Structures are given as C-alpha cells and as structure tokens.
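Engineer: Below: one structure in structure tokens.
Protein chains: 2
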Amino acid sequence: MNTRIYNARVLTMDGDTNIIENGEVLVRGNTILYAGSKEGAIEYLQNSTDTIMWNREIDANGNLVMPGFKNAHTHSGMTFLRSAADDMKLDDWLTQQIFPREALLTPDDVYIATKLAILEYLTSGVTAVCEMYLMPEVIAKAMEESGMRCVQCGGMNNFSQSLELQRKWFKELNKENSLTSYRLGLHAEYTTSKELLEQTAALAKELKAPVYLHNSETEAEVKGCKDRYNGLTPTEALDEMGMFEYGGTFFHGVHVTDHDMEIMKKHNIAVVTNPASNAKLASGIAPIEKYLKEGITLGIGTDGPASNNCLDMFREMFLVTGLAKLRENDASAVDAAEVLKMAAVGGAHAMGLTDCDSLKSGKKADLIMLDMHAPNMQPINNIVKNVVYSGSKSNVLMTMIDGKILYEKGEFNIGEDPEKIYSEVQAIIDRMR
Amino acid sequence: MNTRIYNARVLTMDGDTNIIENGEVLVRGNTILYAGSKEGAIEYLQNSTDTIMWNREIDANGNLVMPGFKNAHTHSGMTFLRSAADDMKLDDWLTQQIFPREALLTPDDVYIATKLAILEYLTSGVTAVCEMYLMPEVIAKAMEESGMRCVQCGGMNNFSQSLELQRKWFKELNKENSLTSYRLGLHAEYTTSKELLEQTAALAKELKAPVYLHNSETEAEVKGCKDRYNGLTPTEALDEMGMFEYGGTFFHGVHVTDHDMEIMKKHNIAVVTNPASNAKLASGIAPIEKYLKEGITLGIGTDGPASNNCLDMFREMFLVTGLAKLRENDASAVDAAEVLKMAAVGGAHAMGLTDCDSLKSGKKADLIMLDMHAPNMQPINNIVKNVVYSGSKSNVLMTMIDGKILYEKGEFNIGEDPEKIYSEVQAIIDRMR
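Here the protein sequences come in this chain order: F and H. Be aware that the first sequence starts at 1, since it is given in the working numbering, and climbs by one per residue. Be aware that the second sequence starts at 1, since it is given in the working numbering, and climbs by one per residue.
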C-alpha cells in the first residue's frame with residue numbers, strides 16, 4: 001500500500017513545530033519516503049531510481065498531517081469497567097470494584113475489551129500505545145490483528161505475573177518486524193516485595209532492559225515506601241537496588257523530590273504523565289514544568305478507561321498544560337508546543353519507539369490528519385495552539401498506522417464490526433452483575 | 001416544524017437523571033409536547049384532540065436525547081483571537097494582546113466572529129449561551145439569524161458602555177417571543193468606579209433586575225477590592241451598595257469566602273464556573289463542592305475563545321469534576337450527575353431560562369442527540385457518567401434549538417456557508433497584524 005498525501009499542512013515534528021504549507025507526505029509500504037514541501041516532493045520523485053505506483057492519492061484540502069499521538073500509559077482491557085465505578089475513594093474503587101471483577105476475566109474478554117479500546121484510540125489519533133494489563137499474549141494478538149502498534153510492559157507484583165513469566169514474555173513477545181513488543185515491567189513498589197524487586201533488578205541487568213512501572217502516583221504510596229525503606233522514596237529505594245542500570249519509564253511521577261529527578265536524569269528515565277486520571281482519582285498534579293526544565297523525557301497517557309474514563313489524547317493535552325499553569329500559578333507555564341512534543345515525540349521515546357516519533361524519510365508511517373475546516377480550528381492564528389487548546393476527537397479525519405489507514409472519516413478498518421465489539425464487551429460486564 | 005423522535009434513550013432531567021429506555025420526544029413548533037416512554041407517547045397522542053402532522057420522524061437508534069447544554073458564560077465575538085495569544089501572564093495578555101485588537105473591531109467583525117462561535121456551539125451540543133461582549137445589537141442579530149438562543153448581559157465599566165446604554169438595551173433588546181434577551185450587567189468591580197457601581201445598583205432596583213458580572217475570578221482582584229473598600233470582598237462591597245436586591249449571577253466565583261456565600265444564598269445569586277479558562281489563565285479552582293453543599297445554583301461556561309481556547313462543554317464538564325476532586329483531595333467530590341445538572345439545568349436557571357432546562361411538556365424544544373454507538377460511549381454501564389467522563393463533541397449527532405434542527409451529523413443549518421464564515425473571520429485578524 002503506497003499513499004501520497006498532497007495539498008496538506010505538514011507538521012513533521014522533526015526537531016521543531018513549524019508548519020509546512022502546501023506540503024506532501026509520501027508513504028511506501030509502512031515507511032515514510034518523504035515529508036515536506038510540494039517542491040521537495042517533486043524533486044524527491046524525480047531523483048528516485050524507481051517509479052512508485054500510488055494505491056491512493058489523497059487531497060488533504062489544507063488539513064493538518066502530523067505524527068500520531070502516543071498513548072504512553074494505558075490499561076486497554078479495562079474498557080469493560082468504564083463508568084461502572086466512579087466518584088469513589090481510590091481504595092474502595094480498587095478493592096471493591098476493580099480487583100474482584102478483573103479476577104473473573106477470560107482471555108476472550110481481554111481480547112475483545114482491548115479491541116474496544118483500539119477503536120477509541122483510532123478516533124483520537126493514537127497510533128501507538130504503551131500497555132500494561134493481564135494476559136499479554138492475548139493483548140498482542142488483539143493489537144496485531146487490528147493493526148495497532150503496541151509496546152507492552154509487565155505489571156508483575158506479589159499477586160500476579162512472575163519473573164519466569166516476564167522472562168518468557170520478553171523472549172516470545174519481542175519479534176522482528178512486529179507491531180508489538182514487550183518490556184520488562186512491574187506494577188509498583190508498593191505492590192511488590194523487596195525480594196521480588198531485587199530479583200527484577202537482577203533480571204533487568206541480565207536482559208540489559210529498561211524497567212517500566214507505576215511510580216509516585218499518590219502521596220500515600222510515597223509515604224508507605226519511606227516507612228518500608230528507611231525514609232527512601234520509591235525512586236531512591238529502587239535505584240539503590242540497581243533497578244535502572246538500563247533506564248526505565250515511570251508512569252505518573254506526581255509526587256517526586258529533586259533527588260528523584262537527579263536519579264531520573266542519571267539513568268535517562270522517562271516520565272509518562274496521566275493528568276485526567278490523576279485529577280479524577282484526586283492523586284495530585286505532576287511537576288511538568290520542573291521536568292521540562294530538567295530535560296527529562298516526557299510522554300502523555302490516558303491511564304485505563306476505568307479511572308479516566310476515556311481514551312482521548314486531546315483532553316489529556318489540555319490538562320497537561322492547564323494543570324501545570326494552576327500548579328505553578330503561572331499562565332505562561334508549559335506552552336502548547338511543549339505539550340504537542342510530549343504527545344507525539346516524547347511519548348514515542350518513553351516507549352522506545354524512536355522510529356515512530358516524526359514524519360521523516362525512513363520513519364514508520366504512523367500519522368494522522370486533523371480537520372482544519374472546523375469551527376474550533378478557525379481562524380488559523382497558530383495551528384499548534386489550536387490543536388492543543390482547541391482540538392477534539394471530532395477533528396480526527398484519518399489515522400494511519402504502519403502505512404495502513406485504520407480510521408477515516410468515522411469509518412473503522414480493523415477487520416471487525418464495531419457493533420459486534422460493543423455487544424461482546426457489554427456481555428462481559430452484564431455477566432458480572 | 002413538528003418532529004417526532006422515537007427509539008431513543010431519553011434523559012429528561014426533569015428532577016432526576018434517570019434514563020428512559022425506548023423513549024420518545026414529541027415536538028410541535030418550538031415546544032415539547034411530550035418526553036418519556038413509548039407507551040406514554042402513544043397514550044398522549046390518543047388523548048390529543050387534534051392530529052399532528054410530523055414533518056420529520058427520527059429513529060434515534062438507541063441514542064441519547066437530552067436537554068441541550070447551556071454555555072452560561074462566554075464572549076463569542078472573541079473567536080477571531082483564538083490562539084493569537086496564549087501562554088502569557090494575564091496582565092500582558094489583556095493589555096498587549098486583547099484590548100488593542102478589540103478596539104479595532106467593526107460591527108461586521110463582531111457579527112461574523114459571533115457566527116463562528118455559533119457553529120462551534122452547535123458542534124458541542126450548546127443550545128443557549130449567556131453572552132457578554134461589545135455591540136449587543138449586532139450580537140442579537142447574529143444569534144437570531146442563526147437560530148441560537150442567547151441571553152446577553154451588559155459588560156459596562158469605566159471605559160465602555162454606560163448606564164444610558166444599559167437602559168436602552170434593556171428596553172430594546174428584550175422582546176416577546178424572541179430567541180434573545182438582555183440583562184443588566186457590568187464587567188467587574190475592579191473595572192468600575194464606586195459611583196458607577198452605585199448608579200448600577202440604583203438602576204437594578206428601578207428595573208427590578210438581577211445583575212450579571214465577573215466576580216472574584218483572581219486573588220489579585222479580591223485583594224484590590226479589599227484595599228479599595230476597607231477590607232470588603234467584591235461580593236460584600238457590592239452587596240452593601242444594594243446591588244443584588246433582585247438577585248444576580250456571578251461569573252467565575254473562584255476566590256470567595258463563607259460570608260460571600262451567605263450573601264449569595266440570601267439574594268439567590270447563581271455562580272457560573274469556567275474551569276478551563278481558570279486553569280489556562282492560572283486563576284485557581286472554584287469551590288464547587290462547597291457551593292453544592294450550600295445549595296447555590298451552578299452553571300458552567302467556557303468563557304471566551306481567547307482565554308480557553310475552545311467552546312467545548314464536554315471538556316468543561318470533565319474539568320468541573322476533575323478540578324473539584326483535586327481541590328478537595330477527594331475522588332468522591334462532585335459526582336457526574338451533579339455536573340450534568342449544572343451543564344443542562346443549572347446554567348439555564350443562572351441565565352433566567354427556566355423554560356429551557358429540561359425535556360417536559362410545555363418547555364422549549366432545546367435538545368441534543370448524543371451517539372451511543374461510539375467506542376467512548378461503550379459499554380453502557382452508566383450513561384450519565386459516560387457523558388460527563390467520556391463524552392466528546394464527536395458524540396453530538398444533532399442540536400435542536402427552539403424546535404429547529406441547526407446541526408445534524410456534521411452539517412450546519414444556520415443559513416450561511418461555514419467556509420465563508422471562516423474566511424471572513426480570518427480576514428479580521430489578518431488585517432490587524
């Protein structure tokens with residue numbers, strides 16, 4: 001499948017957030033051949049040694065073509081619990097509503113609930129997700145069949161998954177030329193024994209692997225860790241165990257110290273912020289302004305649909321900057337361009353997807369088209385600010401992953417009828433009532 | 001135009017937030033005849049003395065029909081400034097970016113910039129707006145021609161508008177059977193001299209009118225008032241002048257005291273919260289939980305598109321609850337049903353539109369249809385929570401105002417070509433560069 005998109009506003013995000021007017025993007029198979037000006041495209045094709053047959057040539061009509069968003073932290077399979085339990089204290093929510101129901105999930109349930117999430121990602125311009133949930137083989141199948149790019153990470157803790165399973169999945173779920181991959185990961189310090197944490201650190205060294213985990217999401221979590229580890233924060237305690245020799249990624253990172261940030265910088269640890277979930281569960285506001293100042297890689301995630309409850313990167317982007325401005329008491333904190341970089345580029349880096357971060361020759365063709373002919377995108381004073389401050393899922397005209405158009409003008413192309421997915425997910429939760 | 005909507009999930013919001021499955025809504029002209037169960041609709045029509053010819057019968061296919069959202073505080077004409085100035089300190093923003101450009105606006109500019117806002121309202125399910133801006137006659141014309149319901153209020157201050165103009169507009173812009181109306185209003189305490197405030201209080205008494213104003217948006221504003229008025233807050237100072245004998249509505253109400261709330265209760269003053277604007281301009285988080293506890297009427301507004309930057313009630317609804325949860329450090333604060341009531345019912349009351357608050361026989365036919373066959377609305381565990389926590393403009397299938405369908409499946413019906421509106425608004429800001 002080769003696709004030429006012309007007459008587009010192109011935002012390559014290759015080092016800057018400048019807009020190329022009347023630009024083109026050329027895609028061959030799953031790879032970007034060229035992204036830039038119309039003149040550059042003509043030159044590129046003239047100098048090309050072979051002739052490319054276009055399966056589709058798309059007139060973008062002045063709409064914006066840019067790298068897709070990376071949902072850098074999610075639990076897709078939790079769609080079945082959307083709106084099943086909200087407006088509750090975090091503890092009650094987890095122990096009374098979430099855990100008992102998750103214990104009843106079958107592989108078929110996880111498979112179809114993941115597909116529901118994929119539909120929603122596509123409507124929000126998400127081209128890759130960083131997933132932590134139960135039954136990784138099932139999730140990999142759902143993602144690959146649908147055409148969604150997915151980096152999975154372990155969610156090991158005292159109660160589920162194990163070192164042996166981590167090792168097995170790390171080996172079996174990382175294949176060449178696959179849409180999906182697997183990273184070593186654990187749920188969090190507070191759900192994992194010291195012994196298991198130390199064994200994980202040893203495994204990370206053996207595999208030369210970064211470690212992915214929830215970290216410092218709530219004040220109570222940090223306090224608990226300090227009680228357990230002689231006053232050390234989770235970041236400090238895990239660092240002392242040698243957990244981050246090959247880096248890692250922290251999900252949330254809301255309650256962190258200056259020393260924690262030193263450790264993150266030393267080990268090239270990225271942070272994925274989840275502002276909607278942190279607000280809805282009253283966890284707090286992450287220090288994004290400070291992370292930026294320290295040069296720490298930042299991505300944005302929705303967290304799972306049971307805590308958010310939607311998988312909408314536009315809402316997350318507004319929240320990243322809106323909450324930062326409130327936190328710093330400064331309307332100039334964390335500007336729109338920084339937020340867009342997090343959503344498209346930083347998230348890719350936090351997930352280890354360095355070939356999906358921008359529109360550039362040789363990168364993977366993971367891109368979206370956003371409608372500029374919509375009232376919330378007019379006038380065109382500053383397109384980046386329009387996208388971050390005004391943008392909505394309603395502006396997503398097309399989502400392409402690995403060169404395949406999976407969503408276009410409201411229609412899905414993932415090989416399954418959405419209504420069938422809806423009714424099967426409904427059946428899961430109906431069965432549990 | 002008579003419309004029958006059947007096979008709908010109906011949320012009347014008439015006293016509760018229960019969903020009627022397989023319901024119907026019958027509209028004759030601009031009025032709701034009936035909203036409820038299918039059986040009730042059959043009975044209603046059997047008992048009706050005359051035969052109604054339906055111009056349209058719409059199969060809702062299980063989608064949700066509910067009262068439209070009320071954007072209870074906005075400055076529509078500011079669309080031309082969207083994304084023209086952001087990520088700046090509030091003072092610089094106002095004095096360097098906003099005021100100098102507003103001074104250059106012509107009536108034609110305000111007219112077309114208002115129409116751009118109307119398009120956006122329709123995409124977000126907004127069926128009425130509470131408007132404060134320049135040139136009220138022009139705004140009334142744009143709203144009426146488009147079919148948008150609009151309550152305007154004065155924005156009088158030391159520099160623009162006057163008591164004479166307020167009196168004139170109050171007389172001329174309040175007509176029987178009109179989509180638009182006019183309320184006495186002033187910009188804010190901090191932009192209005194004591195003399196003018198006292199004269200406004202006298203005019204409110206003379207007209208037996210509630211007073212609409214920005215109040216206690218920022219800490220600096222409250223501090224300034226205390227310096228000017230011997231330690232009195234804006235609410236206290238204006239109350240002492242007798243401003244609220246016939247009630248009023250406060251926009252923002254972020255920084256208020258317990259005594260301010262006593263005054264609000266005494267005079268039946270409503271508060272309209274603008275969470276996105278308050279976040280983006282780093283003004284703070286309003287005490288919504290406390291307002292609810294005190295029984296104060298609450299509405300939700302987007303504020304103007306230069307400060308927000310979009311006119312999206314779904315984002316505002318999530319922010320109302322998300323920010324309240326952060327403020328109270330309590331995930332159970334301000335639940336979804338309360339937020340939906342604010343957006344649909346409370347806002348109507350804050351604007352004095354008591355005949356547009358719910359779907360009930362005799363009420364105005366201001367309603368919307370939301371797509372339940374969308375991934376972010378599935379599964380159906382709790383529709384109210386789905387709308388507030390997961391909802392998006394992309395779910396708005398139809399917006400009907402005063403019995404007229406003005407927006408349906410992406411198409412506008414306001415008598416003007418959207419592309420023409422876009423290019424004319426673009427010309428305003430291009431001219432000012």
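Glycine included, C-beta positions come from ideal geometry on N, C-alpha and C. From a predicted model like this one, the values you see are computed outputs, not experimental measurements.
What residues in the region 129–153 of chain H have a beta carbon less than 8 Å from any beta carbon of chain F?
Structural biologist: none
Engineer: Cβ of F/D312 less than 8 Å from any chain H Cβ?
Structural biologist: It does; some Cβ of chain H falls within 8 Å.
Engineer: Go through its chain and collect everything with a Cβ distance to H/Q166's Cβ below 7 Å, but skip five positions before and after it.
Structural biologist: For H/Q166, where only same-chain residues beyond five positions count, the Cβ hits under 7 Å are G154, M156, L184 and L203.
Engineer: I think F/V222 touches F/P275, with their Cβ atoms under 8 Å apart; what is that distance to the nearest whole Å?
Structural biologist: That pair is no contact at about 19 Å.
Engineer: Quick one: list the residues of chain H neighbouring F/G322, beta-carbon separation under 7 Å, in chain order.
Structural biologist: A276, A279 and K280
Engineer: Taking the continuous alpha helix (DSSP H) assigned at H/K266, which residues delimit it?
Structural biologist: D258 to K266
Engineer: Anyone know if the C-beta pair for H/L298 and H/M342 falls short of 8 Å?
Structural biologist: yes
Engineer: Could you tell me whether the region 357–366 of chain F touches the region 282–293 of chain H, where touching means 3 or more Cβ pairs closer than 8 Å?
Structural biologist: no
Engineer: Quick check on F/M88 - is its C-beta less than 8 Å from some C-beta in chain H?
Structural biologist: yes
Engineer: So that I know if they touch, is there some Cβ in chain F lying closer than 8 Å to that of H/E419?
Structural biologist: Yes, contact with chain F.
Engineer: What three-state label does DSSP hand H/C356 in the structure shown?
Structural biologist: coil
Engineer: Check the C-beta distance from F/G253 over to F/N268 and give it rounded, since I have them as a contact under 8 Å.
Structural biologist: Rounded, the Cβ-Cβ distance is 14 Å, inconsistent with contact.
Engineer: In terms of residue numbering, what span does the alpha helix (DSSP H) encompassing F/D86 cover?
Structural biologist: No alpha helix (DSSP H) holds F/D86; DSSP gives it neither H nor E.
Engineer: Which chain F residues sit within Cβ distance under 9 Å of H/A336?
Structural biologist: S83, D86 and D87
Engineer: Can you check which of these residues, F/S160, F/E164 and F/S146, is closest to F/L179 by C-alpha distance?
Structural biologist: F/S146
Engineer: Straight-line CA distance for H/N61 to H/N215?
Structural biologist: 44 Å
Engineer: Three Cβ pairs or more, each shorter than 8 Å: is that satisfied between the region 405–421 of chain H and the region 328–342 of chain F?
Structural biologist: no
Engineer: Answer yes or no: do F/I58 and F/L81 have a C-beta to C-beta separation smaller than 8 Å?
Structural biologist: no
Engineer: How is H/Q97 classed by DSSP in three states: helix, strand or coil?
Structural biologist: helix
Engineer: The alpha helix (DSSP H) with H/T273 in it runs from where to where?
Structural biologist: Taken as a continuous stretch (DSSP letters only), H/T273 belongs to no alpha helix (DSSP H), being part of the beta strand (DSSP E) at I269 to T273.
Engineer: Determine the DSSP secondary structure at H/Q152, reduced to helix, strand or coil.
Structural biologist: strand
Engineer: Report the neighbours of F/A204 on chain H: residues whose CB is nearer than 8 Å to its CB, in chain order.
Structural biologist: Per Cβ cutoff of 8 Å: no residues; F/A204 is ~33 Å from chain H at best.
Engineer: Alpha carbons only, please: which of F/D260, F/V388 and F/T123 is nearest the one belonging to F/I300?
Structural biologist: With distances taken between CA atoms, F/I300 lies nearest to F/V388 out of F/D260, F/V388 and F/T123.
Engineer: Would you mind working out which of F/G242, F/E411 and F/L116 sits nearest F/M78, comparing C-alpha positions?
Structural biologist: F/L116
Engineer: Near F/W54, which residues of its chain fall below 6 Å by C-beta distance, leaving aside the five closest residues on each side in sequence?
Structural biologist: N2 and R4
Engineer: If we require 4 or more residues per run, which alpha helix (DSSP H) segments fall completely within the region 189–240 of chain F?
Structural biologist: 194–207, 219–228 and 234–240
Engineer: Examine the Cβ distances between the region 365–383 of chain H and the region 398–406 of chain H and report whether three or more of them are shorter than 8 Å.
Structural biologist: yes
Engineer: In the DSSP assignment, the beta strand (DSSP E) including F/K70 goes from what residue to what residue?
Structural biologist: F69 to T74
Engineer: Measure the beta-carbon distance from F/L197 to F/E206 and round it to whole angstroms, keeping in mind my assumption that it falls under 8 Å.
Structural biologist: Going by Cβ atoms, the distance from F/L197 to F/E206 rounds to 15 Å, so no, they are not a contact pair.
Engineer: Identify every residue that forms a DSSP beta bridge with F/I368.
Structural biologist: F/M66 and F/T399
Engineer: In the DSSP assignment, find the unbroken alpha helix (DSSP H) run with F/H349 in it and report its ends.
Structural biologist: G347 to A350
Engineer: Can you pull the chain F residues whose beta carbon is under 8 Å from the beta carbon of H/H267, in chain order?
Structural biologist: Simply none; closest approach about 30 Å.
Engineer: Would you mind stating whether H/L173 and H/P136 have Cβ atoms separated by less than 8 Å?
Structural biologist: A Cβ-Cβ contact shorter than 8 Å links H/L173 with H/P136.
Engineer: Round the Cβ separation of H/D371 and H/N386 to the nearest angstrom and send it over; I've been treating them as touching at under 8 Å.
Structural biologist: Your pair H/D371 and H/N386 does not check out as a contact, with CB atoms roughly 11 Å apart and the cut at 8 Å.
Engineer: Hey, out of F/R228, F/E21 and F/A72, whose CA is closest to F/D357's CA?
Structural biologist: Among F/R228, F/E21 and F/A72, the Cα nearest to that of F/D357 is on F/A72.
Engineer: Does any residue of chain F have a CB that is nearer than 8 Å to the CB of H/F250?
Structural biologist: no
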